[in-house]
Ligand SMILES: Nc1ncnc2c1ncn2[C@@H]1O[C@H](COP(=O)(O)OP(=O)(O)OP(=O)(O)O)[C@@H](O)[C@H]1O
Ligand SMILES: [Mg+2]
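Residue numbers (the working numbering): 5 to 311.
Right under this line is the structure:
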């Protein structure tokens, strides 16, 4: 089973949208996927039309060390569709951070639950909260790979540097190494500025950034109101195509064994530093709004999706 956390402490960069739509796209390709909503905001849960208030059990009952905790993932999961199950969240999950503090093995609760899974899955996808606390550490600890959605704005790399520090801590203290990979989201290719930044980020991150780019697409925003993955809402949208591309790229790494050019964490830190320097150097460039839908905008000849 491949285990992938979707993490970035920066809020609103596309973690949940990626968690839902990558999971759904992988399941459409025949992979058995378990999506774990590890965020007390429960956006992934609601995004799949599951009402957290209407459930008796959720991830809290797995992670909590108290008497209401200790359930298995199977006991709380909700089947969503063929090949896709959800471990839902609810606001009560935020209590886990407090309940687990100072407990021995507090960072291993999710890993233990995942190790005890009896139902076979091909993919475990974990949607992380926008903060680096015990919930996020539990998610990273349970996963071998991390997708870091990076919204194409100047400020989006700030959270990433902190996340990299956490990866190094996990490696030093728990001997747990994760393979991080950046995913560019909400990309508005109409602006020259965004194209330049994208080129540079790709240049600097090298193989540690996905070829697939998630473009800004109003349909992805609309899916939230309908509680559907983009493929079930509008399968002709660019959002659907972009997440299908991403799923294919993730699948290709299965046969390749690892991502091409997979590098160690020190290299990534270095690349990050250089990318950040670049981002700062272009900070004075004017930035046009990304708020419009880009569905009808012409595709520039050098757009890097190329698939
Ligand atoms: N490619 C996209 N195009 C347009 N809107 C998007 C796109 N990706 C995400 N959004 C919208 O941006 C908002 C934030 O996205 P999302 O909830 O996925 O971010 P997040 O990182 O999970 O946020 P949080 O940190 O609060 O958990 C949502 O309204 C979502 O519908
Ligand atoms: Mg989210």
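By construction, the Cβ of each residue, glycine as well, lies at the ideal position given by its N, Cα and C atoms.
Is residue 221 near residue 242, with beta carbons less than 7 Å apart?
The answer is yes: Cβ separation under 7 Å.
Give the DSSP-derived three-state secondary structure of residue 134 in the structure shown.
Here residue 134 sits in coil by DSSP.
What do you get for residue 15, buried or exposed, if any count of 16 or more other CB atoms within 10 angstroms of its CB means buried?
Under this definition residue 15 is an exposed residue.
Assign residue 51 to one of two classes, buried (16 or more other C-beta atoms within 10 Å of its C-beta) or exposed (fewer than that).
It is buried - the Cβ of residue 51 has at least 16 other Cβ atoms within 10 Å.
Which residues does DSSP pair with residue 125 in a beta bridge?
Paired residues: none, contrary to the question.
For ligand 2, which residues count as neighbours when the test is a C-beta closer than 5 Å to any heavy atom?
Any residue whose Cβ sits closer than 5 Å to a heavy atom of ligand 2 makes the list: 19, 20, 47.
Skipping 5 residues on each side, what residues in its chain have a beta carbon closer than 6 Å to that of residue 46?
So the qualifying residues of the chain are 56, 93, 94.
Counting only runs that start and end within the stretch 176-210, where is the beta strand (DSSP E) found for 3 or more residues in a row?
Listed in chain order, they are 183-189.
Distance, Cα to Cα, residue 144 vs residue 117?
Those two C-alpha atoms are separated by around 14 Å.
In its own chain, which residues sit with a C-beta less than 7 Å from the C-beta of residue 23, not counting the 5 before and 5 after it?
Taken in chain order, the residues that qualify are 10, 39, 48, 129, 131.
Since residue 21 sits in a beta bridge, which residues does DSSP pair it with?
Note: residue 21 sits in no beta bridge, so no partner.
Starting from residue 116, trace the alpha helix (DSSP H) both ways and give me its first and last residue.
That run of the alpha helix (DSSP H) goes 113-119.
Measure the C-alpha to C-alpha separation of residue 36 and residue 25 and round it to an integer number of angstroms.
Going by the C-alpha atoms only, they are around 14 Å apart.
Whole angstroms are fine: how far does the CA of residue 139 sit from the CA of residue 111?
If I take the Cα positions, the gap works out to 8 Å.
Restricting to Cα atoms, I'd like to know which of 100, 8, 246 is closest to residue 69.
Per the Cα distances, 100.
Would you call the stretch 176-187 and the stretch 145-155 in contact, with 3 or more CB pairs under 8 Å?
Touching, per the Cβ criterion.
Does any heavy atom of ligand 1 sit closer than 6 Å to the C-beta of residue 224?
Residue 224: yes, Cβ under 6 Å from ligand 1.
Here's the rule: buried if 16 or more other CB atoms are within 10 angstroms of the residue's CB, otherwise exposed. What is residue 102?
Exposed is the call here.
What span of residues does the beta strand (DSSP E) with residue 82 cover, start to end?
Unbroken beta strand (DSSP E) run through residue 82: 82-85.
I need the straight-line Cα distance from residue 119 to residue 7, nearest angstrom please.
Between residue 119 and residue 7, the C-alpha separation is close to 11 Å.
Assign residue 186 to buried or exposed, taking buried as 16 or more other Cβ atoms, counted over all protein chains shown, within 10 Å of its Cβ.
With 16 or more other Cβ atoms within 10 Å, it is buried.
What separation, rounded to the nearest whole angstrom, lies between the Cα atoms of residue 90 and residue 196?
C-alpha separation (whole angstroms): 39 Å.
Could you check what DSSP says for residue 213 in three-state terms: helix, strand or coil?
The answer is strand: DSSP assigns residue 213 an E or B state.
For the alpha helix (DSSP H) that residue 57 lies in, which residues bound it at each end?
From DSSP, residue 57 is part of no alpha helix (DSSP H); its letter is neither H nor E.
How far does the alpha helix (DSSP H) with residue 101 in it extend, from its first residue to its last?
Element bounds for residue 101: 99-104.
For residue 154, does the three-state DSSP call read helix, strand or coil?
It is a strand residue.
Along the alpha helix (DSSP H) that carries residue 218, what are the first and last residues, could you check?
Where residue 218 is concerned, there is no enclosing alpha helix (DSSP H), given that its DSSP letter is neither H nor E.
Can you look up residue 75 in the DSSP assignment and give me helix, strand or coil?
Reduced to three states, the DSSP call for residue 75 is coil.
Just verifying my parser: in three-state terms, what is the DSSP assignment at residue 289?
Caution applies to residue 289, whose pLDDT of 42 falls short of 50 and renders its modelled position unreliable; the value that the coordinates give is listed next. Residue 289: coil per DSSP, three-state reduction.
Quick check on the burial criterion: 16 or more other C-beta atoms within 10 angstroms. Buried or exposed for residue 210?
Residue 210 should be labelled exposed.
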